[in-house]
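In this note's numbering, the protein residues as written are 38 to 402.
Notes for the one structure printed next.
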């Protein structure tokens, strides 16, 4: 399995809609008493939950959205991708953020809850960095096979021959490797393990999973937890959204004959070779990424993070509310804000047009 571009203005009128959202999953309920009497500004509360990787981007989106609408409050609970999807399907939140797209059975459950198709659109594209802290080693190259063996637990020290082969001439210590993984269900984990399964030439045997499958190593909750755990040791290695890696080392990953750094530009190039997931509706823009690419300049350990909502709602106000938020998030303004604050790659080109078209379909039932 090999899993794993935006230009719309956010008009003032659209941003001046009240944000009193009940969960979109509650498509057969009322709008939850939202306050739409705010005059020129929106008022009310919008709740979402999901991927921790979107935190920095959502903070920027919230700031601009709420600045334009002083009566509005947007809440986002970074519970992880799996938790966000679960809450969305259960009707607990209005939208979900997820670093992995809905599985077929989740699509069916979400469509039943929404009483419509789902709108599942990429909003955030970013590299997943292989982060490390190793005294005296400022730059590190790693092949997929080596990374897989490290996280499998079959490479246990930094002076292992496989790491030496990726880093000729580098003085590698005999320090023990401590591999840090996510303890929570995570779309970042799913994207990372998908890369390992596809590209590691069998050194990784854990499959593509959201819940870490290998015993050993150190577990930490959320992206911030992994970053903190790696930062707190020596000889540590982990995986996290590149924008949140801070001053930690970030390994260059072998692609073809080159080692590629985890930059937003290199990550964005993966969309050029991505393919749509088969059997999805026109508003479900889930894509599969070619993890084994040898295209120059492409960084294959990438997450394409989605926001997920319902296509139809029981009344016009609720439909306008959801469309307002997503329209801003995928707008050129929203994407620029995310790029500046979180280091993501703004969506652009033909793919952006498809995303905009999907959001435009949101309406009252």
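Note that CB positions come from ideal geometry on N, CA and C, so glycine has one too.
It should be emphasised that the depicted structure is a prediction, and the values quoted were computed from it without experimental measurement.
Spatial distance of residue i from residue j (CA atoms)
| i | j | result |
| --- | --- | --- |
| residue 331 | residue 236 | 11 Å |
| residue 195 | residue 156 | 45 Å |
| residue 368 | residue 374 | 10 Å |
| residue 264 | residue 106 | 34 Å |
| residue 158 | residue 395 | 8 Å |
| residue 223 | residue 245 | 11 Å |
| residue 152 | residue 102 | 28 Å |
| residue 292 | residue 339 | 13 Å |
| residue 242 | residue 356 | 44 Å |
| residue 169 | residue 115 | 23 Å |
| residue 268 | residue 351 | 48 Å |
| residue 318 | residue 225 | 24 Å |
| residue 205 | residue 335 | 23 Å |
| residue 304 | residue 366 | 20 Å |
| residue 27 | residue 382 | Only positions 38 to 402 of the chain appear in the structure, and residue 27 is not among them; the question remains open. |
Beta-carbon spacing of residue i, residue j below 8 Å
| i | j | result |
| --- | --- | --- |
| residue 302 | residue 137 | no |
| residue 233 | residue 188 | yes |
| residue 203 | residue 228 | no |
| residue 126 | residue 99 | no |
| residue 97 | residue 379 | yes |
| residue 221 | residue 121 | no |
| residue 278 | residue 184 | no |
Residue burial classification, residue i (beta-carbon count within 10 angstroms, cutoff 16)
| i | result |
| --- | --- |
| residue 262 | buried |
| residue 77 | Note that residue 77 scores a pLDDT of 44, beneath 50, so its modelled location is shaky; the value from the coordinates is reported in the next line. Residue 77 is exposed by the Cβ-count criterion. |
| residue 104 | exposed |
| residue 142 | exposed |
| residue 386 | exposed |
| residue 81 | buried |
| residue 299 | buried |
| residue 119 | buried |
| residue 60 | Residue placement at residue 60 is flagged as unreliable, the pLDDT there being 40, under the threshold of 50; the coordinate-derived value follows with that caveat. Looking at its Cβ environment, which holds 16 or more other Cβ atoms inside 10 Å, residue 60 is buried. |
Cβ neighbours of residue i in the same chain (closer than 7 Å, five flanking residues each side left out)
| i | result |
| --- | --- |
| residue 186 | 192, 199, 240 |
| residue 91 | 134, 161, 342 |
| residue 282 | 166, 168, 264 |
Close-in-space but distant-in-sequence residues of the same chain around residue i (CB under 8 Å, 5 per side omitted)
| i | result |
| --- | --- |
| residue 266 | 217, 255, 257, 273, 275 |
| residue 271 | 170, 171, 172, 212 |
Beta-carbon contacts of residue i that lie in its chain and below 6 Å, excluding the five residues immediately before and after
| i | result |
| --- | --- |
| residue 84 | 112, 130, 131 |
| residue 259 | 89 |
Local conformation of residue i per DSSP, three classes
| i | result |
| --- | --- |
| residue 258 | coil |
| residue 163 | strand |
| residue 122 | helix |
| residue 320 | coil |
| residue 45 | The predicted position of residue 45 is uncertain, since its pLDDT is 32 and thus under 50; a value taken from the coordinates is nonetheless stated next. Of the three classes helix, strand and coil, the one that applies to residue 45 here is coil, per DSSP. |
| residue 310 | helix |
| residue 271 | coil |
| residue 246 | coil |
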